[in-house]
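In our numbering, the protein residues as written are 700 to 878.
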């Protein structure tokens, strides 16, 4: 396992994937207040700015603990925060859940595919996960397309804590290593 205090820096052709930092927060809060971005993830935040700031600070301080590896995604050309991608432990699926989200100006540019593909590899090769799953709203066809593209396959429906039923996708380490 990775030392939780270690700074992780992963690169792709166009992206830097790194530990979250407080410098990212202004862009994070913009995403959390955008109805289109938050449509399938519980809706726009109802929390105060101060509560969101406190939650984000906690997220940074628990990075690397209990499988919490939700990274900031930075566009190399601009050095700007464009979204997040990574893993967290999910009680609802009883395992490791891949999560990702991108600011609307960066949709349909291939960034989500690029980041999730790299992070999936990181999860198996560096974090030693045996299985990685993702829960997605059945109306979120864009995310389902990304999950299929990177190798996750539909498994079943799962009840979600906010009383929605989600589609569960997953891939095991052995399946990933065959590809």
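Quick reminder that beta carbons are idealized off the backbone N, C-alpha and C, glycines included.
- Following the DSSP letters along the chain, one finds residue 845 inside the alpha helix (DSSP H) bounded by residues 840–848.
- Contact between residue 715 and residue 775 is confirmed by a C-beta separation of about 6 Å, below the 8 Å threshold.
- In the three-state reduction of the DSSP assignment, residue 722 falls in the helix class.
- Beta-carbon to beta-carbon, residue 850 and residue 818 are separated by about 12 Å, too far to satisfy the 8 Å threshold.
- Our two residues, residue 865 and residue 777, have alpha carbons roughly 35 Å apart in a direct line.
- Annotated three-state conformation of residue 862 is coil, per DSSP.
- Within its own chain, the residues whose Cβ lies closer than 8 Å to the Cβ of residue 854, once the five positions on either side in sequence are excluded, are 832, 867, 868 and 869, listed in chain order.
- Here residue 802 really is in contact with residue 726; their C-beta atoms are around 7 Å apart, less than 8 Å.
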